[in-house]
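Structure record follows, encoded as structure tokens.
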Amino acid sequence: MLVAAVAVLGFVAASCGSDEADSADSNAATDLASTNAPTEPVEGDVTVFAAASLTAAFTEIGDAFMVEHPDANVVLNFAGSSDLVTQIIEKAPADVFASADMSNMAKVTDAALNSSEPVVFATNIAEIIVGAGNPKDVTGVDDLADPSELIVVQCAVEVPCGKYAAQIYENAGITVTPASLEENVKAVVTKVTLGEADAGIVYATDVTAAGDDADGIEIPDAINVEAEYPIASLSDAPNPDGASAFIEFVLSEQGQAILASYGFLTP
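Those letters in the sequence shown? Residues 78 to 344, per the working numbering, in order.
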């Protein structure tokens with residue numbers, strides 16, 4: 078069962094009151110953090126497989142983790158969550174998996190390849206990315222349905238950002254024919270910022286990360302989706318103590334502050 082990491086940060090005291098369900102989630106997340114606490118000093122490589130949309134945030138988290146654990150070396154592998162699952166199932170050595178959706182994490186847990194229960198450590202929302210200055214005057218999702226006016230790219234449907242895009246189009250009641258299907262969200266960003274495409278649906282954090290190279294068009298809440306990001310240690314982890322310590326760091330106040338600085342939301 079996925080539980081929210083917000084309890085680990087102590088934020089629930091003001092919000093859950095006497096709600097028994099929230100209290101149960103709080104206890105479960107706290108217990109998990111305790112379970113993940115390493116009993117040995119953290120050293121050696123800690124290999125983290127993380128969704129492409131986490132690239133900037135997890136790079137900083139990895140650097141901060143190594144400051145706290147100078148004998149450890151965080152090795153980051155970023156790709157689409159579905160590609161990472163394939164690598165994990167094929168026994169690629171990894172200690173931690175951080176997915177951009179619950180369904181790809183479920184593939185790992187269904188195969189009993191996790192050693193800790195997944196915890197949702199962040200959320201995100203989708204946004205339309207366009208070139209700097211919005212040269213095609215995109216105003217909303219409906220504009221993406223006209224291939225004669227816009228070159229639209231999106232992630233392949235097995236990748237979380239592609240699945241979310243399909244859900245948004247369905248919610249909006251439109252059909253979008255993308256010019257290409259990309260292997261991860263960073264590839265969509267790259268095509269738009271290089272001018273090879275006019276628009277695509279990515280995460281709000283990706284628009285932020287693109288800086289002056291892109292603009293974002295907000296998607297109304299009524300048709301938008303919320304992406305939940307779960308994290309878990311893996312059963313074949315070469316460095317289980319390192320995996321536990323890294324997850325604990327992501328759930329910590331410092332880890333959550335780094336995520337927030339890149340636009341991720343607290344679950």
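Glycine included, every Cβ here is placed at the ideal spot set by N, Cα and C. Predicted model only: the values in this text are computed from it and were never measured.
Could you check the C-alpha separation between residue i and residue j for me, to the nearest Å?
i, j, result
"Ala242", "Val218", "10 Å"
"Val144", "Tyr339", "20 Å"
"Val284", "Ile228", "18 Å"
"Gln244", "Glu120", "42 Å"
"Asp172", "Asp214", "44 Å"
"Ala287", "Gln231", "16 Å"
"Val123", "Phe198", "19 Å"
"Asn316", "Val269", "38 Å"
"Ile296", "Asp220", "12 Å"
"Leu336", "Phe174", "16 Å"
"Glu226", "Asp148", "54 Å"
"Pro255", "Pro118", "49 Å"
I need the DSSP call for residue i, collapsed to helix, strand or coil.
i, result
"Tyr339", "coil"
"Gly288", "helix"
"Ser257", "strand"
"Ala171", "coil"
"Asp214", "coil"
"Val229", "strand"
"Ala149", "strand"
"Asp178", "coil"
"Leu328", "helix"
"Asp275", "coil"
"Ser192", "coil"
"Gly319", "helix"
"Glu235", "coil"
"Ser159", "helix"
"Asp122", "strand"
"Ala128", "strand"
"Ile383", "Outside the displayed range of the chain (78 to 344) lies residue 383, so it cannot be described from this structure."
Which whole-angstrom value describes the C-beta separation of residue i and residue j, a residue pair presumed to lie in contact below a C-beta threshold of 8 Å?
i, j, result
"Pro307", "Ser176", "6 Å"
"Ala128", "Ser158", "5 Å"
"Ala309", "Asn191", "4 Å"
"Phe126", "Phe326", "Wrong, their Cβ atoms sit about 16 Å apart, outside the cutoff."
"Ala341", "Ala133", "A small fix is needed here, since residue 341 is Phe in this sequence, not Ala. Wrong, their Cβ atoms sit about 10 Å apart, outside the cutoff."
Taking the alpha-carbon of residue i as reference, which of the options has the nearest alpha-carbon?
i, options, result
"Ile294", "Ala149, Leu190, Phe174, Thr216", "Thr216"
"Thr252", "Leu258, Ala203, Ala222, Cys238", "Ala222"
"Asn150", "Thr136, Ile166, Val197, Asp187", "Thr136"
"Ala189", "Asp313, His146, Pro170, Glu303", "Asp313"
"Ala291", "Lys263, Ala299, Pro315, Ala304", "Lys263"
"Asp318", "Ser130, His146, Thr282, Ile138", "His146"
"Leu271", "Ala169, Ala233, Val185, Gly208", "Gly208"
"Leu161", "Ser130, Ile138, Val266, Pro118", "Ser130"
Quick one: is the Cβ of residue i within less than 6 Å of any heavy atom of the ligand FAD?
i, result
"Ala287", "This structure lacks the ligand FAD, and indeed carries no ligand of any kind."
Would you call the stretch 274-281 and the stretch 150-169 in contact, with 3 or more CB pairs under 8 Å? Pairwise C-beta distances place the stretch 274-281 out of contact with the stretch 150-169, as fewer than three of them are shorter than 8 Å.
I want to know whether the stretch 254-266 touches the stretch 187-204 - three or more CB-CB distances under 8 Å. Contact fails: fewer than three Cβ-Cβ distances are below 8 Å.
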